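First comes the structure, then the notes that go with it.
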Amino acid sequence: MTTAAQTHHFEAEVKEVLDLVIHSLYSHKDVFLRELISNASDACDRLRHAALTDAELLSEGEAALGIFLDPDEENGVLRICDNGIGMSREDLVANLGTIASSGTRRFLDAMKEHGGEEMPDLIGRFGVGFYSVFMVADRVVVDSCCAGSDSGWRWSSSGTGEYTLEEVSGLARGTVVELHLKEAEEGAEEAEDPRRFLQPFVLRELVRRWSDFVEYPIQLEVEKPAPEPEEGEEPGEPETALDTLNSQQPLWTRPKEDVTTAEYEQFYAHLAGWGKPLETLHLKAEGTLEFTALTFIPEQAPFDLSDPARAKARISLYVRRVRIQEECEELLPPWLRFVVGVVESSDLPLNVSREAIQTDGRVRQIQRHLVRKLLDTLGTLLKNDRKRYEQFWEAFGTVLKEGIWAGDDDNNRISKLCLFQTSKDNGWRTLAEVKEGMSEDEDSIGVLVAPDKKTALSSPHLEAQEAAEREVVLLIDPVDEWMLQRLETFDETPLKAIDRGDAGVDDEDTRKEREARDEDKKDFLEALRNSIGDQVSKVRFSSRLKDSPAVLVGDEGAYSDHMERMLRRAGHELPPSQRVLEINPGHPLVAALEKLHGVDAASPRVHDAGELLLGQALIREGGVPADPARFTQLLTGLMGEVLS
Ligand code: ADP
Ligand code: MG
Numbered sequence: 020m021t022t023a024a025q026t027h028h029f030e031a032e033v034k035e036v037l038d039l040v041i042h043s044l045y046s047h048k049d050v051f052l053r054e055l056i057s058n059a060s061d062a063c064d065r066l067r068h069a070a071l072t073d074a075e076l077l078s079e080g081e082a083a084l085g086i087f088l089d090p091d092e093e094n095g096v097l098r099i100c101d102n103g104i105g106m107s108r109e110d111l112v113a114n115l116g117t118i119a120s121s122g123t124r125r126f127l128d129a130m131k132e133h134g135g136e137e138m139p140d141l142i143g144r145f146g147v148g149f150y151s152v153f154m155v156a157d158r159v160v161v162d163s164c165c166a167g168s169d170s171g172w173r174w175s176s177s178g179t180g181e182y183t184l185e186e187v188s189g190l191a192r193g194t195v196v197e198l199h200l201k202e203a204e205e206g207a208e209e210a211e212d213p214r215r216f217l218q219p220f221v222l223r224e225l226v227r228r229w230s231d232f233v234e235y236p237i238q239l240e241v242e243k244p245a246p247e248p249e250e251g252e253e254p255g256e257p258e259t260a261l262d263t264l265n266s267q268q269p270l271w272t273r274p275k276e277d278v279t280t281a282e283y284e285q286f287y288a289h290l291a292g293w294g295k296p297l298e299t300l301h302l303k304a305e306g307t308l309e310f311t312a313l314t315f316i317p318e319q320a321p322f323d324l325s326d327p328a329r330a331k332a333r334i335s336l337y338v339r340r341v342r343i344q345e346e347c348e349e350l351l352p353p354w355l356r357f358v359v360g361v362v363e364s365s366d367l368p369l370n371v372s373r374e375a376i377q378t379d380g381r382v383r384q385i386q387r388h389l390v391r392k393l394l395d396t397l398g399t400l401l402k403n404d405r406k407r408y409e410q411f412w413e414a415f416g417t418v419l420k421e422g423i424w425a426g427d428d429d430n431n432r433i434s435k436l437c438l439f440q441t442s443k444d445n446g447w448r449t450l451a452e453v454k455e456g457m458s459e460d461e462d463s464i465g466v467l468v469a470p471d472k473k474t475a476l477s478s479p480h481l482e483a484q485e486a487a488e489r490e491v492v493l494l495i496d497p498v499d500e501w502m503l504q505r506l507e508t509f510d511e512t513p514l515k516a517i518d519r520g521d522a523g524v525d526d527e528d529t530r531k532e533r534e535a536r537d538e539d540k541k542d543f544l545e546a547l548r549n550s551i552g553d554q555v556s557k558v559r560f561s562s563r564l565k566d567s568p569a570v571l572v573g574d575e576g577a578y579s580d581h582m583e584r585m586l587r588r589a590g591h592e593l594p595p596s597q598r599v600l601e602i603n604p605g606h607p608l609v610a611a612l613e614k615l616h617g618v619d620a621a622s623p624r625v626h627d628a629g630e631l632l633l634g635q636a637l638i639r640e641g642g643v644p645a646d647p648a649r650f651t652q653l654l655t656g657l658m659g660e661v662l663s
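Quick note on numbering: this note's numbering labels position 299 of the sequence shown as 318, and the sequence is numbered without any gaps.
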């Protein structure tokens, strides 16, 4: 019996997704089956989990949880059925009428960012969840009955602007998704024909390829030939039987030696939905705490890696085959959030709640163990396959470095894995490699923070370093300066910002000589300082410059100019920074200025030159003069004089 159907409109964003999906030229339309099976398997997981606290939901003696595929060739209809948790009327509206799924939301965001051309690829990458059914079906009917309820609901739509809902009685618990498959377009290849998903061998092949590790049986009714007739008997009717298409073996429970690379890759695809693993870590911990983990480091970064809303690793926690939590943030710190995988422990109680997971010492112990093993895996990769490691680094290095900032870099175990660009080499270098290249009289690793590599490489601060043949580590990733606040030493060697304090290249004699000159030319330096007021604390002679006339130097431990700009942009109020302006005594411009000052100490030219030197030092490091209008005015005036 059904009541009258009510018509509802899709949320505007759902319409947008449906339009894209329906008109997509994406050729791997088979993803819809993976999506539906994954939803069905989720529904079984949820029921099993709910039954831990409400035993009545899953009474003994009833049919086991499972998924059933039911192709009806005659009518062009494919049904995907499960006896999982089901959906109430509200669930149907919320899940199938609005953008409920995180995947779909991300798909839409990525679409907006990357435009239409990449759409086919995006569909593959995000799956788009339930809505992918409209690639193959022009009408979809979902019958669902929620566990513990006796009224079922029917949701139906042809993927255009609206859907209908009506109450239906007599439904069994769970969900049936009924797809009215589109007819093949004229002249289309056979592989493009949506109706081929009615053929048992196609379904079998797809399940094996994509859903083999689903824990619940995925079954199909097949005809078995009639048994051979006994002598003198009439041949019997062919029989039907249920055939289970997937092996159902959770991969992580199998011994490592028995699992092939292809199986790992399939399982990864099953978990992540797209792409391939770069590294696989499959481990079984025994002893005081037993657990099994199968984790993967992906080959490519997802679009939303830096999205703060996605700061959790996609790692599920299972206890004795029951999935307790899908994105279990207690299992991995945020700086390993790119890892995808599964952890199963039989030592935890089945009814662990969210709160209990947060405080359970055993979960923390698993985390420590897993983090150590993952870092070991990365260390081995770095040692044995530099090229692949660099690929990893380019995708996830920024995230890994957050671990240093988070204070998790005991014994440099993270900083040993970091790669940097340096002033010497075009390629990536580890801090250990930089340290190895240091000469005996160097006692620190020089680093330079800059907004990008080009600005870094043209920094006047590098001049003396290069003359002394020192390799300087370029910190050009926004996270680097944060990291530097925590990374004071590497393997007992201090890291030193070359644009702060002294540059670390002077010996005792040079320093004395420089200080004597400062004292000697006190008036000249003071005149320059007066011309730029409070913008610097002091003007002095430099020994770090070779070709440039001037450079700004911060106090030891101060923020770099780049960092200050970032903090200000983020709304932090900082006192005006007072750095030192160092000028190059060997530069002809400085020499000429000094001469002029000797002749006419009050010359406005000396005054202007101070401002111009400061302004251009700021520009060199990627900043702007405090008063750009005044700076250009001075420059124009000077040009005018020179040219006329
Ligand atoms: P996702 O699986 O990423 O959440 P989907 O678009 O695949 O996104 O599904 C949206 C939601 O619809 C699911 O989160 C789930 O709550 C619900 N759903 C879909 N299929 C089923 C099903 N067979 N049984 C119960 N709930 C389902
Ligand atoms: Mg889904």
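We put the beta carbon where it would ideally sit given N, CA and C, even for glycine.
Note that the coordinates shown come from a computational prediction; the quantities given were computed from them, not determined experimentally.
Q. At a cut of 8 angstroms, does the stretch 638-648 reach the stretch 469-476 through at least three beta carbon pairs?
A. yes
Q | Heavy atom of the ligand ADP within 7 angstroms of Met-106 beta-carbon | A | yes
**Q.** Beta carbon of Leu-84 nearer than 8 angstroms to that of Cys-63
**A.** yes
(Q) Any heavy atom of the ligand ADP closer than 7 angstroms to the beta-carbon of Phe-149? (A) yes
Q: Rank Phe-650, Trp-172, Val-498 and Ala-483 by C-alpha distance to the C-alpha of Asp-526 and give the top, closest one.
A: Ala-483
Q) Near Met-502, which residues of its chain fall below 7 angstroms by C-beta distance, leaving aside the five closest residues on each side in sequence? A) Lys-420, Ile-423 and Trp-424
Q. Three-state secondary structure (DSSP) at Leu-84?
A. Leu-84: coil per DSSP, three-state reduction.
**Q.** Beta-ladder partner(s) of Ile-99, from DSSP
**A.** In DSSP, Ile-99 forms a bridge with Leu-88 and Val-196.
Q | Burial state of His-616, where buried means 16 or more other Cβ atoms lie within 10 Å | A | buried
Q.
Pairs of beta-carbons, one from the stretch 100-113 and one from the stretch 201-218, closer than 8 angstroms: are there three or more?
A. They do not touch, by the three-pair rule.
**Q.** Runs of beta strand (DSSP E) lying entirely within the stretch 289-352, each at least 3 residues, in chain order
**A.** 296-304, 310-317, 333-338 and 341-344
Q: Report the residue from Lys-295, Leu-141 and Ala-645 whose alpha carbon sits nearest the alpha carbon of Gly-360.
A: Lys-295
Q) Going by the C-beta, is Asn-58 closer than 7 angstroms to any heavy atom of the ligand MG? A) yes
Q | Paired residues, beta bridge with Ser-163 - DSSP | A | Trp-172 and Thr-194
Q) Apart from the five residues just before and just after Leu-225, which ones in its own chain have a Cβ nearer than 7 angstroms to its Cβ? A) Asp-49 and Leu-52
Q. So, helix, strand or coil for His-480, using DSSP?
A. helix
Q.
Please tell me whether Leu-264 and Gln-285 are closer than 8 angstroms, where the distance is taken between their beta carbons.
A. no
Q. Is there at least one non-hydrogen atom of the ligand ADP closer than 7 angstroms to the beta-carbon of Leu-115?
A. yes
Q.
Is Glu-181 near the ligand MG - that is, is its Cβ less than 7 angstroms away from at least one heavy atom of it?
A. Result no, Cβ not under 7 angstroms from the ligand MG.
Q: Can you tell me which of Gly-398, Phe-650, Glu-250 and Thr-272 puts its alpha carbon nearest to the alpha carbon of Phe-232?
A: Of the listed residues, the one whose Cα sits closest to Phe-232 is Thr-272.
Q. Are the beta-carbon atoms belonging to Val-390 and Val-338 less than 8 angstroms from one another?
A. no
Q. Between Val-147 and Phe-126, is the Cβ-Cβ spacing less than 8 angstroms?
A. yes
Q: Quick one: give me the first and last residue of the beta strand (DSSP E) that Thr-259 is part of.
A: 258-263
Q) Taking just the CA atoms, how far does Ile-56 sit from Glu-234? A) 11 angstroms
Q | DSSP bridge partner residues for Tyr-182 (one or two, in chain order) | A | His-27 and Ser-176
(Q) Using CA atoms only, rank isn't needed, just tell me which of Ser-550, Gly-416 and Leu-37 is closest to Leu-115. (A) Leu-37
Q: May I ask you to list the residues that DSSP assigns as paired with Gly-573?
A: Looking at the DSSP assignment, Gly-573 forms a beta bridge with Arg-519.
Q. Does the stretch 93-107 come close enough to the stretch 151-171 to have 3 or more Cβ pairs within less than 8 angstroms?
A. yes
Q.
Any contact between the stretch 171-188 and the stretch 60-77? By contact I mean 3 or more CB pairs, one from each, below 8 angstroms.
A. no
Q. Does the distance from the CB of Tyr-182 to the CB of Phe-315 come in under 8 angstroms?
A. no
Q) So Leu-400 and Arg-407 are in contact, right, with Cβ under 8 angstroms, and what is the actual spacing, rounded? A) Between Leu-400 and Arg-407 the beta-carbon gap is near 6 angstroms, inside 8 angstroms, which marks them as a contact.
Q) Which of the three DSSP states, helix, strand or coil, is assigned to Pro-213? A) Under the three-state reduction of DSSP, Pro-213 is assigned to helix.
Q | Any non-hydrogen atom of the ligand MG within 7 angstroms of Glu-54 CB | A | At least one heavy atom of the ligand MG is nearer than 7 angstroms to the Cβ of Glu-54, so yes.
Q.
If I measure Cβ to Cβ from Thr-26 and keep anything under 6 angstroms in the same chain, skipping five residues before and after, which residues do I get?
A. Glu-181 and Thr-183
(Q) What residue range does the alpha helix (DSSP H) around Lys-541 cover? (A) 541-551
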